[in-house]
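Input: a single structure, listed below in structure tokens.
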Amino acid sequence: MHTNPTEKRFWYYVLPSMLTMVLSGFYVIVDGFFIGQATGDIGLGAINLAWPITAVMQATGIGVGIGGSVLFSMYQGAQDAEEARAARGNTLVLLVLLAAFMIVFFSFTSDFILRLFGARGALFDAAHSYIRVVIFGTLFQTLGCGLTPIIKNSGRTISAMLIMISGLFTNIVLDALFIIVFPWGLAGAAAATATAQGVVAVLSLVLILRDRKIPFSFSELQPQARKMIRILKIGFSPFGVSLAPSIVIIFANWQCLAYGQEIAVAAYSVLSYVSATFLALLQGIGDGVQPIISYLHGAGEAKKVEHVRFRAVRLAVLLGTAFFLISIPTTSFFSGLFGVSDAAAVMAKSGLILTAVAYPFAGLVRCSISYFYATGDTKLSTCFTYLDPLVFTPVFLFLLPIFFDVEGIWSVLAAVQITMSLLILGVFFGRRKKSKKI
Numbered sequence: 005m006h007t008n009p010t011e012k013r014f015w016y017y018v019l020p021s022m023l024t025m026v027l028s029g030f031y032v033i034v035d036g037f038f039i040g041q042a043t044g045d046i047g048l049g050a051i052n053l054a055w056p057i058t059a060v061m062q063a064t065g066i067g068v069g070i071g072g073s074v075l076f077s078m079y080q081g082a083q084d085a086e087e088a089r090a091a092r093g094n095t096l097v098l099l100v101l102l103a104a105f106m107i108v109f110f111s112f113t114s115d116f117i118l119r120l121f122g123a124r125g126a127l128f129d130a131a132h133s134y135i136r137v138v139i140f141g142t143l144f145q146t147l148g149c150g151l152t153p154i155i156k157n158s159g160r161t162i163s164a165m166l167i168m169i170s171g172l173f174t175n176i177v178l179d180a181l182f183i184i185v186f187p188w189g190l191a192g193a194a195a196a197t198a199t200a201q202g203v204v205a206v207l208s209l210v211l212i213l214r215d216r217k218i219p220f221s222f223s224e225l226q227p228q229a230r231k232m233i234r235i236l237k238i239g240f241s242p243f244g245v246s247l248a249p250s251i252v253i254i255f256a257n258w259q260c261l262a263y264g265q266e267i268a269v270a271a272y273s274v275l276s277y278v279s280a281t282f283l284a285l286l287q288g289i290g291d292g293v294q295p296i297i298s299y300l301h302g303a304g305e306a307k308k309v310e311h312v313r314f315r316a317v318r319l320a321v322l323l324g325t326a327f328f329l330i331s332i333p334t335t336s337f338f339s340g341l342f343g344v345s346d347a348a349a350v351m352a353k354s355g356l357i358l359t360a361v362a363y364p365f366a367g368l369v370r371c372s373i374s375y376f377y378a379t380g381d382t383k384l385s386t387c388f389t390y391l392d393p394l395v396f397t398p399v400f401l402f403l404l405p406i407f408f409d410v411e412g413i414w415s416v417l418a419a420v421q422i423t424m425s426l427l428i429l430g431v432f433f434g435r436r437k438k439s440k441k442i
């Protein structure tokens, strides 16, 4: 970062980051819109079932990219350009290696995974045609998601945003071409997304190679085991934050099929698309302040770190409350946007309101987790990241539908985020008490 990022630069980092996160989430929403109009419930259900595999690729890129960029910013704060350069280079190496591994792994396991998720018959055939193309473009998915955090932490937040806009524009044009003009269906949607991520990856790589403040050198690509391990440790939390919604989708799809069959899966896909947009904006606040917090933490500015954290959490909670209020009068619009059947649209209406209750609490949770990994507190960041998809969500998904049927599934996000918020507030109050005693 070429200038000291203090809280005065809060909006410079936060606003582009929020927009960048929303744009990255729009890829699947654009696919869903075109597929919903062309194929209806089966197409939307297929993407929803196959999405967790795509999400692993993107989450890997995000996790490694943020892990490396946190180190990058810390070393810049400590005025150590050589170590910052090494962190950047090892991030690039890790992204390529992990992409290669995922191509091989998912090529052999994707059909089994789709069946495990509940895909059968026409739903399996549609999901299969989508995911085979996605696997082919794994490198683009991983690099497209993994390189933008490095660019943002280099102080070029506007450039990162413009790159995402170019990728989204490419995705929209190619979706229209591959799905509407050429009736390639789900395979066309996957090809459009992979190509768009390829555009993002290439443009991001060009910016990194032409960095004038910390010039790129091929020597920084020399693997350093300790550096890679540290990147992975820090990145394990943002990987989980990115992947958690998809883990939730897996469990939710099982329950939707059990309590409402394919119609409930289609309705849940609408909820997923809409909530993903709002949650991405909230995550963008946490990601936006991460470079500032990491830099200040590396420079030993503890009071400024706390001030930036407070501003971020306050903004996220207020914005989450606004999203909740916006959701109430717009349920009919969103439920009809993706071309689902009338029965699925009716289901989605109540689900959109119940899901929206989670937004204010999700703002607190996501900013707090970003704060933990931005300061290198991998234990707390990892703990709170994985409590959501691996503990609280499965428990609530099992219990709530027993009492409230399908609406119990829609209520899970709010129940989980409220529980997580209480735990996180407990951690911060405990720290405050401890610091006062000292």
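Under the working numbering, the final residue of the sequence shown carries the number 442; numbering is consecutive throughout.
Glycine residues also receive a C-beta, built at the ideal position from the N, C-alpha and C atoms.
Whole-angstrom C-beta distance between residue j and residue i, which should lie under 8 angstroms
| i | j | result |
| --- | --- | --- |
| Q259 | L401 | 5 angstroms |
| F30 | L341 | With 8 angstroms as the limit, F30 and L341 do not qualify as a contact, their Cβ atoms being about 13 angstroms apart. |
| P242 | I66 | 6 angstroms |
| P20 | T161 | 4 angstroms |
| A320 | I297 | Not really, about 14 angstroms apart at Cβ, beyond 8 angstroms. |
| A447 | G49 | The requested residue 447 does not occur in the structure, where the chain is confined to residues 5 to 442. |
| I218 | A88 | 6 angstroms |
Backbone CA spacing between residue i and residue j [nearest angstrom]
| i | j | result |
| --- | --- | --- |
| G302 | N52 | 40 angstroms |
| T7 | F173 | Interpretation of T7 is limited by its pLDDT of 47, a score under 50 that renders its predicted location unreliable; the figure taken from the coordinates is listed afterwards. Looking at the two C-alpha atoms, the distance is approximately 31 angstroms. |
| F282 | V274 | 13 angstroms |
| P9 | V245 | Low local confidence applies: a pLDDT of 49 at P9 is under 50, so the model's placement there is unreliable, with the coordinate-based value given in what follows. Roughly 24 angstroms separates the two Cα atoms. |
| T43 | G189 | 8 angstroms |
| F505 | F116 | Past the boundaries of the shown model lies residue 505; the chain is included only from 5 to 442, so the question cannot be answered. |
| V399 | A419 | 10 angstroms |
| A378 | R124 | 42 angstroms |
| T197 | D179 | 8 angstroms |
| R230 | L127 | 44 angstroms |
| G122 | V210 | 41 angstroms |
| E86 | R234 | 16 angstroms |
| I254 | F432 | 32 angstroms |
| N175 | K437 | 50 angstroms |
| L236 | A63 | 12 angstroms |
| K479 | F314 | Lying before the first or after the last residue shown, residue 479 is absent from the chain, which here runs from 5 to 442. |
| R136 | V312 | 43 angstroms |
| Q83 | Y375 | 21 angstroms |
| G47 | K307 | 51 angstroms |
| V2 | L427 | For the chain, the structure presents residues 5 to 442; residue 2 sits outside this window and is missing. |
| D129 | C149 | 28 angstroms |
| I413 | D392 | 15 angstroms |
| L300 | F14 | 12 angstroms |
| T334 | R216 | 46 angstroms |
| T386 | I373 | 8 angstroms |
| L101 | S114 | 19 angstroms |
| S336 | G430 | 38 angstroms |
| T397 | V177 | 36 angstroms |
| L181 | P187 | 8 angstroms |
| L120 | P56 | 12 angstroms |
| F105 | A195 | 20 angstroms |
Beta-carbon gap between residue i and residue j smaller than 8 angstroms
| i | j | result |
| --- | --- | --- |
| V309 | C371 | no |
| I183 | I139 | no |
| V26 | L356 | no |
| A54 | A103 | no |
| A362 | Q421 | yes |
| E305 | S354 | no |
| T1 | A164 | Given that the chain is displayed from residue 5 to residue 442, the structure contains no residue 1 and the question cannot be resolved. |
| L329 | G367 | no |
| V203 | M168 | no |
| G239 | V60 | no |
| A256 | Y272 | yes |
| I406 | M351 | no |
| Y17 | G380 | no |
| S425 | F338 | no |
| T359 | L404 | no |
| L99 | T146 | yes |
| A200 | Y134 | no |
| V207 | S170 | Checking the sequence, you will find Leu at residue 207 rather than Val. Their beta carbons are under 8 angstroms apart, which means L207 touches S170 by this criterion. |
Q: Determine, using beta-carbon pairs with one atom in the segment 155 to 163 and one in the segment 71 to 83, whether at least three such pairs fall under 8 angstroms.
A: Enough Cβ pairs lie closer than 8 angstroms, so yes.
Q. Between the segment 73 to 91 and the segment 249 to 259, do at least 3 Cβ pairs fall closer than 8 angstroms?
A. Result no; under three Cβ-Cβ pairs closer than 8 angstroms.
Q: Write down every uninterrupted run of the beta strand (DSSP E) in the segment 193 to 227 whose length is 3 residues or greater and which is fully enclosed by it, in chain order.
A: Counting only runs of at least 3 residues, the segment 193 to 227 fully encloses no beta strand (DSSP E) element at all.
Q. Would you call the segment 217 to 230 and the segment 82 to 99 touching, i.e. three or more CB-CB distances under 8 angstroms?
A. Flag = yes, the segment 217 to 230 and the segment 82 to 99 touch.
**Q.** alpha helix (DSSP H) runs wholly inside the segment 69 to 115, at least 4 long, in chain order
**A.** Entirely contained in the segment 69 to 115, not one alpha helix (DSSP H) run reaches 4 residues.
Q. Curious, which full-length alpha helix (DSSP H) runs of at least 4 residues does the segment 331 to 382 contain?
A. Qualifying alpha helix (DSSP H) stretches, in chain order: 335 to 341, 346 to 360, 363 to 378.
Q: Only counting runs of 4 or more residues, tell me where the alpha helix (DSSP H) segments fall wholly within the segment 140 to 172, in order along the chain.
A: Segments of the alpha helix (DSSP H) lying fully in the segment 140 to 172: 142 to 157.
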